[in-house]
Amino acid sequence: MTTKFYDRLSNDLTQLLENPVDYNVTIEVGEAPDNQIFEVHSYILQSRCPYFKKKFNEIPSIENNVKVLKIPNISVKVFNVIIKYIYGGTISLEKLETSIIFDLLISSLELDLDELVEHLQSHLITNNISWLKLNFAQVYQMSYQVKNFDIIQKFCYNIIAKHPDIIFESENFISLPEDALITIIKLDNLQLDEDKIWDYVIQWGKSKNPTLPANLNEWTSDNFVTLKTTLKNCLPYVRYFNISNERVLEKLYPYLQLFEPKLWLDINTRLIIPDKSISSTILPPREILITTLSNIITDEHALELSSWIDRKETTYTENNPYEFKLLVKGSRDGLDVKTIYNICDKVSNTIIITKVESTGEIIGGYNPLEINDGEDEWYSSQDSFVFSLKTENLKSSILSRVTDFDYAIRYYSGPSNPWLQFGNALNLGGDLKTKKSNCELFAYEKSIRSNSNRFSIEEFEVFKVSPKK
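See below:
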């Protein structure tokens, strides 16, 4: 049996770094005035780091047989971590900002420190998901440019598949390289309707040709040839045979000249005679996840609501920390505010979700207080909020937190015309199928609807929100 004294070895080598007896290399790191010179030993660096092994063979020794190396693109703070890892095989990340850890990852890759690259990727995925999402464009760009970032890359594609808006609705979308866009639209589990994917592909192609006319009716045959040439490598990955008849007419037909005649014939053949055989390749439908949480909101909506409850700067992307227990469904239990008081009396931490008739808006409110089936009274809260969730017609959700705490929540469960109010920002009254509810700006920071007209509700749900065990 072999006994290994790694701790003592690590400590002794670290001490050699702090007291560099017989050093034979100086490395100047960073740029003035924040630069620093490290005195190190070539035999340790060459044995631990392929980059230095190659580099030291390229540079000559100067006076006293000391080699001089400059690395201006790595900061002193980052190199301090790296050199301690090289000497002692240890690394401490707890006190480092996430941005520094990400810079450390990039520098470790440049220095061919494969072991450290893998460790830092795993650390970021495990401990710094919020930062990764907040800086997603930077992280994703790095992940597809670098082959060794397999763990980060897998994380990015998982996020994009579940939450495609994070890339398609970002300012950086049109600057995506072609190969990155193709990788995304090839994802089998991309949670987007196929006609929306088509829209984004067209948008990307147009952005590469800014001289194309804005009005499609003004396009010439040459304009279509230009766009077709730009998109020639992307178009094969759109799953045309999974687009509905209506969308084919609305979205594809205006761009008829982009299609090869045989493919266009097959698309129409499949729509008119579904069982007729065709020669074009039919890609399988995407694996769209079906949520069982609600008839109104998606799992993505629930993650967003949970992040607001926790006052997170970035939205949870997976592993929702809260359980949403459905207490009331209007279509099942009755579309009247009185139903909420009857079922949810003395229940705290509730979210009310409503779907507005005709417009499809999804609006609601979070109430941390106990619902009180009693007299007309205002209750104070610092944590309640109202919201309008992202839909096809609303690109970004709206969050509005309470500002006048004393008028956060109002309960009135009287026999006629009961009300439940979040200030005046969301007023739910009586029979919700009639036009009695409205939203006005009072006690909360912003409006969640574009107008204050009264509206009726076609469906509502109330959830009890509890931390998962």
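Numbering (the working numbering), first residue to last: 19 to 487. By construction, the Cβ of each residue, glycine as well, lies at the ideal position given by its N, Cα and C atoms. Given the structure is predicted, the values throughout are model-derived calculations rather than measurements.
Can you tell me whether Val483 sits near the ligand COA, meaning its C-beta is under 7 Å from at least one heavy atom of the ligand? Of the ligands one can find in the structure shown there are none, so the ligand COA has no counterpart to examine.
Go ahead and pull the three-state DSSP assignment for Thr16. Past the edges of the chain, shown from 19 to 487, lies residue 16, and the structure says nothing about it.
Enumerate in chain order the residues of its own chain whose CB-to-CB distance from Asn390 is below 6 Å, with the five nearest sequence positions on each side excluded. Tyr429
So for Leu27, helix, strand or coil by DSSP? helix
Compare the Cα-Cα distances from Phe120 to each of Ser28, Ser414, Tyr61, Val99 and report the closest residue. Val99
Coarse secondary structure for Phe481, derived from DSSP in three states: strand
To which residues of the same chain is Leu446 closer than 6 Å at the C-beta, ignoring the five residues directly before and after it? Val355, Leu438, Ser455
Looking only at C-alpha atoms, which of Ser415, Lys451, Thr377, Leu387 sits nearest to Lys464? Ser415
Can you list, in chain order, the residues of its chain with a C-beta nearer than 7 Å to that of Asp130? Leave out the 5 residues immediately preceding and following it. Cys67, Pro68, Tyr69
Cut-off 6 Å between Cβ atoms - residues of its own chain near Phe173, not counting five sequence neighbours on either side: Ile143
Name the residue from Pro436, Ser239, Pro303 whose alpha carbon lies nearest to the alpha carbon of Leu276. Ser239
Three-state secondary structure (DSSP) at Trp345? Looking at the sequence provided, one finds Leu at residue 345 rather than Trp. It is a strand residue.
Using DSSP with H/G/I as helix, E/B as strand and the rest coil, what is Thr44? strand
State buried or exposed for Val39, treating a residue as buried only when at least 16 other CB atoms are found within 10 Å of its CB. exposed
Taking only the alpha-carbon atoms, compute the straight-line gap between Asn82 and Tyr41 and give it to the nearest angstrom. 10 Å
DSSP state of Lys330 mapped onto helix, strand, coil: coil
Straight-line CA distance for Phe74 to Glu212? 54 Å
What do you reckon, are the CB atoms on Tyr105 and Leu34 nearer than 8 Å? yes
For a quick check, are the C-beta atoms of Ala426 and Asn442 less than 8 Å apart? no
Give the straight-line distance between the Cα atoms of Tyr103 and Lys113, rounded to the nearest whole angstrom. 16 Å
Taking only the alpha-carbon atoms, compute the straight-line gap between Ser297 and Leu205 and give it to the nearest angstrom. 23 Å
DSSP beta-bridge partners for Asn385? Thr368
In the DSSP assignment, what residue or residues form a beta bridge with Glu57? Thr44
In three-state terms, what does DSSP make of Lys165? coil
Identify every run of the alpha helix (DSSP H) within the segment 150 to 211, keeping only runs that are complete inside it and at least 4 residues long; order them along the chain. 154 to 163, 168 to 180, 183 to 186, 196 to 203
Suppose contacts are defined by Cβ-Cβ distances below 8 Å. Is Glu49 in contact with Ile55 by that definition? no
Beta carbon of Thr32 nearer than 8 Å to that of Ser148: no
Segment contact flag, the segment 384 to 399 with the segment 356 to 376, C-beta cutoff 8 Å, min 3 pairs: yes
With 16 other CB atoms within 10 Å as the buried threshold, where does Ser324 fall? buried
Buried or exposed: which applies to Leu234, given that a residue is buried once 16 or more other Cβ atoms fall within 10 Å of its Cβ? exposed
Whole-angstrom C-beta distance between Ile200 and Tyr488, which should lie under 8 Å: Any answer about residue 488 is impossible in this case: the structure gives the chain only from 19 up to 487.
Please report the straight-line C-alpha distance between Thr316 and Phe481, rounded to a whole angstrom. 13 Å
4-residue-minimum alpha helix (DSSP H) runs that sit fully inside the segment 54 to 117, ordered along the chain: 60 to 66, 68 to 76, 94 to 106
Beta-bridge pairing of Glu395 - partner residues as DSSP gives them: Tyr429
Measure the alpha-carbon distance for Ile124 versus Val164 and round it to whole angstroms. 10 Å
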